[in-house]
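A.B. asks: Below is one structure. I have some questions about it.
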Amino acid sequence: MSTETYEDALKKLGELLSKKSDLGKVAASKIKKVTVELEELDSNKSSDAVERIKSGFIHFKTHKYLKKPSLYNALAKGQSPKFLVFACSDSRVSPTQILNFKPGEAFVVRNIANMVPPFDKTQHSGVGAALEFPVTALNVENILVIGHSRCGGIKGLMSIEDDAAPSKNVFIDNWVQIGTPAKNMIKQDFKHLSFNDQCSYCEKEAVNVSLGNLLSYPFVKERVVENKLAIRGAHYDFVKGTFDLWELDFKTTPAFSFS
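Per our numbering, numbering through the sequence shown is continuous, rising by one, with the last residue being 817.
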């Protein structure tokens with residue numbers, strides 16, 4: 559396969575035309591043809607994306623929205639979800655699909671590696687707001703943090719060396735290091751395991767770190783103490799098709815396991 563760059567090709571073409579100026583009209587015709595083909599290719603890609611969006615909405619409206627008018631009429635008046643769910647942005651692990659949540663049933667927050675940072679008025683205000691609103695304004699009764707198998711964010715966390723040079727990733731490394739306590743524990747307690755196995759354990763332990771961080775938010779801790787809010791961790795394994803659920807007791811052993 560040729561590794562010639564666009565600039566190399568243009569340079570060669572320029573050199574050829576400088577030697578054989580009579581080829582100018584032929585070159586212009588060829589370039590025009592290639593330009594048209596590239597424009598059509600770009601247009602087709604854009605069209606494919608737009609058509610996918612259109613067909614997706616039409617399917618939703620036909621098979622869901624129009625078939626459940628009472629549900630959507632009620633949602634138009636407001637929302638009162640029972641669940642606040644923190645899940646990973648990974649395209650393979652949509653919590654509404656996994657747990658069959660209906661519209662209005664769960665307030666969902668998704669980010670890299672499903673992490674909840676500790677309370678800090680000066681940092682991560684996006685997550686803080688996404689936590690504060692459903693807890694204080696919507697009065698959700700449950701918070702669920704869901705980790706998952708083969709998580710790229712956790713793999714990135716576990717790959718960060720303590721003395722490593724700054725990464726080329728501007729945001730990712732800084733974000734996933736919220737889970738550093740989990741990484742340190744796994745590296746210490748499971749150092750005899752392979753890297754992939756360590757990552758599997760860290761996927762669950764990082765959830766426990768987030769559960770602990772949730773209690774650093776005063777409005778969350780207050781409701782937990784008053785038994786108005788329950789906090790749980792979970793892990794979805796899309797390779798095995800299993801879902802582990804545990805209470806706020808910081809145990810990696812699940813209280814319930816579904817398969």
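All C-beta atoms in this analysis are idealised placements derived from N, C-alpha and C, irrespective of residue type, glycine included. Bear in mind that the values here come from a model prediction, so they are computed numbers and not experimental data.
(1) Excluding the five sequence neighbours on either side, which residues of its own chain have a C-beta within less than 6 Å of the C-beta of P676, listed in chain order?
(2) What residue from P653, I712, G710 has the CA that sits closest to V703's CA?
(3) By the DSSP assignment, the beta strand (DSSP E) with R668 in it spans what residues?
(4) Assuming D648 is part of the alpha helix (DSSP H), what are its boundary residues?
(5) Leaving out five residues on either side along the sequence, give the residues of the same chain with a beta carbon under 8 Å from the beta carbon of Q735.
(6) So A740 is in the beta strand (DSSP E); what residue range does that whole segment cover?
(7) So the candidates are S752, C646, A664, F659; which of them puts its Cα closest to the Cα of D795?
(8) Please classify L574 as buried or exposed, where buried requires at least 16 neighbouring CB atoms within 10 angstroms.
(9) Just tell me which of V584, I789, N672 has its CA closest to the CA of G818.
(10) In whole angstroms, what is the alpha-carbon distance linking L696 and N785?
(11) Could you tell me the alpha carbon to alpha carbon distance between H621 and S628, rounded to whole angstroms?
(12) For the beta strand (DSSP E) that contains I701, what are its first and last residues?
(13) Going along the chain, which residues of its own chain have a beta-carbon closer than 8 Å to the beta-carbon of E663, five neighbours each way excluded?
(14) Excluding five sequence neighbours on each side, which residues of the same chain lie with their C-beta closer than 8 Å to the C-beta of F808?
(15) Can you look up L803 in the DSSP assignment and give me helix, strand or coil?
(16) According to the neighbour-count rule (16 or more other Cβ atoms, all chains shown, within 10 Å of its Cβ), is R610 buried or exposed?
C.D. replies: From the atom records:
(1) Excluding sequence positions up to five before and after P676, its CB lies within less than 6 Å of the CB of N771, S774, all in the same chain and listed in chain order.
(2) When only C-alpha atoms are compared, the closest one is P653.
(3) The continuous beta strand (DSSP E) containing R668 extends over residues 664-669.
(4) Taken as a continuous stretch (DSSP letters only), D648 belongs to no alpha helix (DSSP H), as it is neither H nor E.
(5) So the qualifying residues of the chain are L715, I718.
(6) Here A740 belongs to no beta strand (DSSP E); instead the alpha helix (DSSP H) covers 738-747.
(7) Relative to the Cα of D795, the nearest Cα in the group S752, C646, A664, F659 belongs to C646.
(8) exposed
(9) Residue coverage of the chain in this structure runs from 559 to 817, which leaves residue 818 outside it and unanswerable.
(10) 16 Å
(11) 14 Å
(12) 700-706
(13) P639, K640, F641
(14) At F808 the pLDDT is 42, less than 50, meaning the model places this residue with poor confidence; the figure from the coordinates comes in the next sentence. Hits under 8 Å: N766, L769, G770.
(15) DSSP, read as helix, strand or coil, puts L803 in strand.
(16) exposed
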